[in-house]
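Numbering (this note's numbering), first residue to last: 990 to 1162.
Backbone N, C-alpha and C fix where the C-beta goes; we use that ideal spot for every residue, glycine too.
Below is one structure, written out as structure tokens, with a few remarks after it.
Structure, rendered in structure tokens:
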């Protein structure tokens, strides 16, 4: 049976750990996620809250990457599937699917649906991939890990301002 702690103890421990991280001079932490077949790194400060994917309500006449609306504690969030938005086939929702509430920090109720959250990584664990290039302004370059896997950097603010991202309506045929 798991050890039970009070909410007060939990908050004090969390406050202490956050203070230690900010005082340690470490580089910012990155959240590692997979979306379809791609690996992504998001600055923790931009990742927002990460939650298990709740049930989604579809919205007719929208693009396939617009997965619908989700009710998160009484607030409606538009949900964009990151893999499908990037051109991959629409991945199925699984028990590992997660939503990053990326827009809350910017005053938008927008979430990105990812296939899996892999946890925190340090920038020190990666090397810059100098050969990578991508014209999309919301991709901030790429890094390679010790197993030579490619990780793209997701920059949230330009993504939220991207005209294609803002136009979820399906093309009329």
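Within 7 Å, strictly: CB atoms of residue i and residue j
i            : j            : result
residue 1101 : residue 1091 : yes
residue 950  : residue 1070 : Only positions 990 to 1162 of the chain appear in this structure, which leaves residue 950 out of reach.
residue 1103 : residue 1024 : yes
residue 1089 : residue 1036 : yes
residue 1118 : residue 1138 : no
residue 1081 : residue 1072 : no
Bridge partners - residue i, DSSP secondary structure assignment
i            : result
residue 1105 : 1023
residue 1070 : 1102
residue 1137 : According to DSSP, residue 1137 bridges with nothing at all.
residue 1129 : Bridge partners of residue 1129: none, in fact.
residue 1116 : 1133
residue 1158 : 1051
residue 1143 : 1031 and 1128
Nearest neighbour of residue i, chosen from the options [CA to CA]
i            : options                   : result
residue 1145 : 1123, 1121, 1119 and 1093 : 1093
residue 1143 : 1039, 1105 and 1033       : 1033
residue 1059 : 1098, 1140 and 1073       : 1098
residue 1031 : 1150, 1121 and 1111       : 1111
residue 1085 : 1022, 1027 and 1078       : 1022
residue 1064 : 1075, 1083, 1081 and 1096 : 1096
residue 1075 : 1105, 1141 and 1038       : 1141
residue 1020 : 1105, 1150 and 1156       : 1105
residue 1029 : 1044, 1047, 1129 and 997  : 1129
residue 1046 : 1038, 1116 and 1067       : 1067
8 Å Cβ shell around residue i - same chain, five flanking residues per side excluded
i            : result
residue 1158 : 1050, 1051 and 1052
residue 1135 : 1114
Close Cβ partners of residue i (< 7 Å) along its chain, the five nearest in sequence each way excluded
i            : result
residue 1148 : 1127 and 1154
Nonlocal neighbours in the same chain, by C-beta distance under 6 Å from residue i, ignoring five residues either side
i            : result
residue 1121 : 1131
residue 1061 : none
Segments assigned alpha helix (DSSP H), at least 4 residues, entirely inside the stretch 1023 to 1092: Complete alpha helix (DSSP H) runs here, min 4: 1033 to 1036 and 1071 to 1074.
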